[in-house]
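Residue numbers are given in full-length UniProt numbering: position 35 of the sequence shown equals residue 35, and the series is strictly consecutive.
Glycine included, C-beta positions come from ideal geometry on N, C-alpha and C.
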Amino acid sequence: MPVLEICQWKVSKAFLEDPSSLGPVFDQVSAATGCHGVYSGLAEEDKESIWLLIQWETYEHHQTLMKDPSYSSLIEKLKPTFATSAKDLAMSHVDFNKDPIEALTAPCTEVVKAIIKDGKTKADLDAVMADVASRIEAEKGSYPPVIWGQTVEDPKVFFLVVGWDSSKTHFDVVGQESFKIPLQNLRDAADLHMAHVSLKGHLSS
Numbered sequence: 001m002p003v004l005e006i007c008q009w010k011v012s013k014a015f016l017e018d019p020s021s022l023g024p025v026f027d028q029v030s031a032a033t034g035c036h037g038v039y040s041g042l043a044e045e046d047k048e049s050i051w052l053l054i055q056w057e058t059y060e061h062h063q064t065l066m067k068d069p070s071y072s073s074l075i076e077k078l079k080p081t082f083a084t085s086a087k088d089l090a091m092s093h094v095d096f097n098k099d100p101i102e103a104l105t106a107p108c109t110e111v112v113k114a115i116i117k118d119g120k121t122k123a124d125l126d127a128v129m130a131d132v133a134s135r136i137e138a139e140k141g142s143y144p145p146v147i148w149g150q151t152v153e154d155p156k157v158f159f160l161v162v163g164w165d166s167s168k169t170h171f172d173v174v175g176q177e178s179f180k181i182p183l184q185n186l187r188d189a190a191d192l193h194m195a196h197v198s199l200k201g202h203l204s205s
């Protein structure tokens, strides 16, 4: 299964005035060997945090790009988009359990960072995520499959990604009584940080 690189950072005023300024970055990454697609969008919640999701054939393909001499020019192209500095960029690589394409191309994508709580295990989190996922996939307005996976960087950090018609649809669905206990089980297993993003694809040829 391809690996998804997930990046997030606060963007500059200059970027908000001209979002097309990231175009050269998308072009360079999309042309890299092993890149299967680039998706980006601003978080609905604050309108100033960008989410950049890049599908790689393998984790090693991204590592190869990072070691390439051209990578420094990529970072230079990114710098004007940072609200403060490049140090604010958060990057993770995730091995998802299923193909992410449906979630990435839905009208609205829910991205949840889940950090396992002390005393809980990967098996605990997998079990509650599987329960929540099966319930979401049965609901109108979702875009199955619901996907989740562990980050390469930290075994305690996971991401859950869900495609929806809209954030309102998401909240309407999970606000049902039938979701009360499953979602509490999820919160008991992990600390959750959520964003909604309308992703635009910048697909490689």
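By the CB criterion at 8 angstroms, Val173 and Gly141 fall inside the cutoff.
Distance from the CA of Glu137 to the CA of Pro144, rounded to the nearest whole angstrom, comes to 5 angstroms. Burial is judged here by how many other beta carbons sit within 10 angstroms of a residue's own beta carbon; Ile54 has at least 16 and is buried.
When only Cα atoms are considered, Val132 and Trp164 end up about 14 angstroms apart. For the set Gln176, Val128, Gly175, Ile115, the Cα lying nearest the Cα of Ala190 is the one of Ile115. Distance check between Lys67 and each of Thr33, Asn185, Ser12, Ser21 places Thr33 closest, using alpha-carbon atoms only.
A contact between stretches requires three or more CB pairs, one per stretch, nearer than 8 angstroms, and the region 1 to 18 fails this requirement with the region 179 to 188. Listed in chain order, the non-local C-beta contacts of Lys98 below 7 angstroms within the same chain comprise Pro145, Ile147, local neighbours out to five positions each way being set aside.
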